[in-house]
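In what follows, a single structure is set out as structure tokens and then discussed.
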Amino acid sequence: MNEFAARLLDWFDEHGRKDLPWQRDVNPYRVWVSEIMLQQTQVQTVVPYFERFMRSFPAIANLADADIDDVLDHWSGLGYYARARNMHRTAQIIRDDHGGELPDSIDAMRALPGIGRSTAGAIISLALGGRQPILDGNVKRVLARHAAIDGWPGTSDVATTLWAMSEKYTPAERVDHYTQAIMDLGATLCTRTGPRCEVCPVRPDCTAYAAGNVADYPGRKPKRPKPLRMTTMVLAIAENAVYLERRPASGIWGGLWSFPELPPERIDDWCARIANGKSVGREQLLPLRHSFSHFDLDIHPVVIRFDQVNASVADGSDATWYRLDQRPPGGIAAPVQKLIDSLRNPDNVANH
Ligand code: SF4
589 MNEFAARLLD
599 WFDEHGRKDL
609 PWQRDVNPYR
619 VWVSEIMLQQ
629 TQVQTVVPYF
639 ERFMRSFPAI
649 ANLADADIDD
659 VLDHWSGLGY
669 YARARNMHRT
679 AQIIRDDHGG
689 ELPDSIDAMR
699 ALPGIGRSTA
709 GAIISLALGG
719 RQPILDGNVK
729 RVLARHAAID
739 GWPGTSDVAT
749 TLWAMSEKYT
759 PAERVDHYTQ
769 AIMDLGATLC
779 TRTGPRCEVC
789 PVRPDCTAYA
799 AGNVADYPGR
809 KPKRPKPLRM
819 TTMVLAIAEN
829 AVYLERRPAS
839 GIWGGLWSFP
849 ELPPERIDDW
859 CARIANGKSV
869 GREQLLPLRH
879 SFSHFDLDIH
889 PVVIRFDQVN
899 ASVADGSDAT
909 WYRLDQRPPG
919 GIAAPVQKLI
929 DSLRNPDNVA
939 NH
């Protein structure tokens with residue numbers, strides 16, 4: 589076994605994480621769900637989401653047969669909702685075309701929506717013990733520092749170099765422990781800021797450590813200013829209910845429930861449609877900024893209260909009056925949830 593892997597495995601035996609929920613009752617489905625949740629999200633945030641998800645959808649068949657609203661509800665707050673939509677779609681493909689089991693070949697796995705090379709490698713190595721390399725964000729950072737690989741890993745040249753290193757180091761024996769070990773090393777010691785090199789098992793031959801320039805790796809993404817977009821959301825309230833619409837399946841917050849977004853000049857027409865224009869109060873709240881990876885969004889909320897509404901306008905399938913004391917109709921994006929919470933407590937309305 590190569591020295592890098594041997595050092596990591598010794599370290600893992602003593603310090604690696606062995607009691608995470610997806611390390612119990614290991615199977616490809618549980619590893620798949622955990623890997624998708626862990627993309628862009630920290631372990632401690634993922635744990636309660638994973639446990640709730642598994643209680644509701646303990647097997648692929650349960651996920652495949654579930655309503656997408658229910659799946660998105662279990663994802664509410666985790667962000668990057670395309671992950672949940674892809675998982676649901678993939679579970680249905682597995683049910684219909686793969687006899688209900690995740691395929692065990694890397695190519696068949698990578699053909700499924702939302703499963704890239706690293707996720708497929710993690711499922712095969714962690715759940716099936718097959719020798720496959722992985723290259724998630726943590727592993728990229730460890731390998732880029734260890735061999736002082738210049739450049740941003742988002743470029744194909746750098747990614748190719750890092751994949752070749754990951755392939756070279758991945759051992760044939762104990763591949764499940766090795767895979768967990770290198771992910772753990774990146775998450776707990778070789779962290780983005782404040783790496784703890786003094787206790788790192790691969791420090792003896794770490795190039796960046798020897799050169800004293802650990803912070804230079806991995807190379808940063810070239811900075812471009814983020815564009816700022818603006819939108820107006822209408823928070824319509826009637827008695828103890830708010831008006832929510834289901835967003836289109838694609839695009840931001842696809843399939844989630846949200847307040848309607850309208851240009852200000854169309855708000856009166858909208859009020860006429862849902863309540864014959866008879867609003868009893870209108871109030872502009874402070875804007876709320878939400879950051880996406882590619883742009884920032886300033887949401888300008890307008891609260892409009894009604895005595896009476898045309899109930900037939902919202903039949904529940906794509907629009908509904910959501911009573912604030914009941915379960916939400918499906919998944920709700922974090923900033924929309926924040927606005928709903930501020931409506932539950934009117935004292936917060938002016939300064940959410
Ligand atoms: S020695 Fe430091 S920089 Fe090198 S792999 Fe270990 S923690 Fe990362």
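In this text, residue positions in the sequence shown follow the working numbering: the first is 589, and each later residue adds one. Glycine residues also receive a C-beta, built at the ideal position from the N, C-alpha and C atoms.
I'd like the span of the alpha helix (DSSP H) that includes residue i, first residue to last.
| i | result |
| --- | --- |
| Leu-716 | 705 to 716 |
| Arg-911 | No alpha helix (DSSP H) contains Arg-911, which is instead part of the beta strand (DSSP E) from 907 to 911. |
| Gly-725 | 725 to 734 |
| Leu-626 | 616 to 626 |
| Val-868 | Run containing Val-868: none in the alpha helix (DSSP H); it sits in the beta strand (DSSP E), 867 to 872. |
| Tyr-805 | Careful: Tyr-805 lies outside any alpha helix (DSSP H) and carries neither H nor E. |
| Arg-683 | 670 to 685 |
| Ser-698 | A small correction: the amino acid at residue 698 is Arg; Ser does not occupy that position in the sequence shown. Start and end: 694 to 698. |
| Ser-881 | Per DSSP, Ser-881 belongs to no alpha helix (DSSP H) and is neither H nor E. |
| Leu-750 | 744 to 757 |
| Gln-768 | 763 to 772 |
| Trp-663 | 656 to 663 |
Near residue i, what residues of its chain come up, given a Cβ to Cβ distance below 8 Å and the 5 sequence neighbours on each side ignored?
| i | result |
| --- | --- |
| Leu-608 | Ser-622, Val-631 and Val-635 |
| Asn-590 | Lys-756, Tyr-757 and Pro-759 |
| Asp-653 | Arg-683 |
| Arg-870 | Val-890, Val-891, Ile-892 and Arg-893 |
Below 6 Å CB to CB, which residues in the same chain sit around residue i once its five sequence neighbours on both sides are set aside?
| i | result |
| --- | --- |
| Ala-938 | Any reading at Ala-938 is ruled out, since the residue's pLDDT is 44, under 50, leaving its predicted position unreliable. |
| Ala-921 | Trp-841 and Leu-844 |
| Glu-796 | Here the sequence assigns Ala to residue 796, which means Glu is not the residue at that position. Counting only Cβ-Cβ distances below 6 Å, and skipping sequence neighbours, we find Arg-733, Ala-736, Val-802 and Tyr-805. |
| His-888 | Thr-820 and Pro-875 |
| Ala-837 | Gly-843 |
| His-940 | Residue confidence is low: His-940 scores 41 on pLDDT, short of 50, so the model does not pin down where it sits. No coordinate-derived value is stated. |
| Ile-825 | Arg-893 |
Closer than 7 Å by C-beta to residue i: which residues in its own chain qualify, once you throw out the five before and the five after it? Chain order, please.
| i | result |
| --- | --- |
| Ala-649 | Arg-683 and Gly-688 |
| Thr-629 | Leu-666 |
| Phe-638 | Pro-609, Trp-610, Val-621, Ser-622 and Met-625 |
| Asp-764 | Ser-713, Leu-714 and Gly-717 |
| Leu-700 | Thr-678 and Ile-681 |
| Cys-778 | Arg-729, Val-730, Arg-733 and Cys-788 |
Taking only heavy atoms of the ligand FMN into account, decide whether any of them is closer than 8 Å to the Cβ of residue i.
| i | result |
| --- | --- |
| Phe-880 | This structure lacks the ligand FMN; its bound ligands are the ligand SF4. |
Kindly give me the distance between the Cβ atoms of residue i and residue j, rounded to whole angstroms, as I take these residues to be in contact under 8 Å.
| i | j | result |
| --- | --- | --- |
| Leu-816 | Phe-883 | 7 Å |
| Leu-690 | Met-675 | Not really, about 11 Å apart at Cβ, beyond 8 Å. |
| Asp-724 | Ser-706 | 5 Å |
| Gly-704 | Thr-678 | Not quite, the Cβ-Cβ distance comes to about 12 Å (not below 8 Å), so this is no contact. |
| Val-822 | Val-890 | 6 Å |
| Asp-548 | Gly-919 | This structure cannot settle anything about residue 548, because the visible part of the chain is limited to 589 through 940. |
| Arg-671 | Gln-627 | 7 Å |
| Tyr-831 | Ile-862 | 7 Å |
| Ala-710 | Thr-767 | 6 Å |
How far does the beta strand (DSSP E) with residue i in it reach, from first residue to last?
| i | result |
| --- | --- |
| Pro-889 | 884 to 894 |
| Ala-826 | 816 to 826 |
| Arg-612 | Element bounds for Arg-612: n/a, residue is neither H nor E. |
| Tyr-831 | 829 to 834 |
Practice task
For the ligand SF4, list every residue whose C-beta falls under 6 Å from any of its heavy atoms, going in chain order.
Solution key: My final list is Val-730, Arg-733, His-734, Leu-777, Cys-778, Pro-783, Cys-785, Cys-788, Val-790, Arg-791, Cys-794, Ala-796, Tyr-797 and Val-802.
Exercise for the section: Answer yes if the stretch 786 to 794 comes into contact with the stretch 805 to 819, meaning at least three C-beta pairs across the two stretches below 8 Å, and no otherwise. Expected result: A contact is defined here as three or more CB-CB pairs under 8 Å, and the stretch 805 to 819 fails this definition with respect to the stretch 786 to 794.
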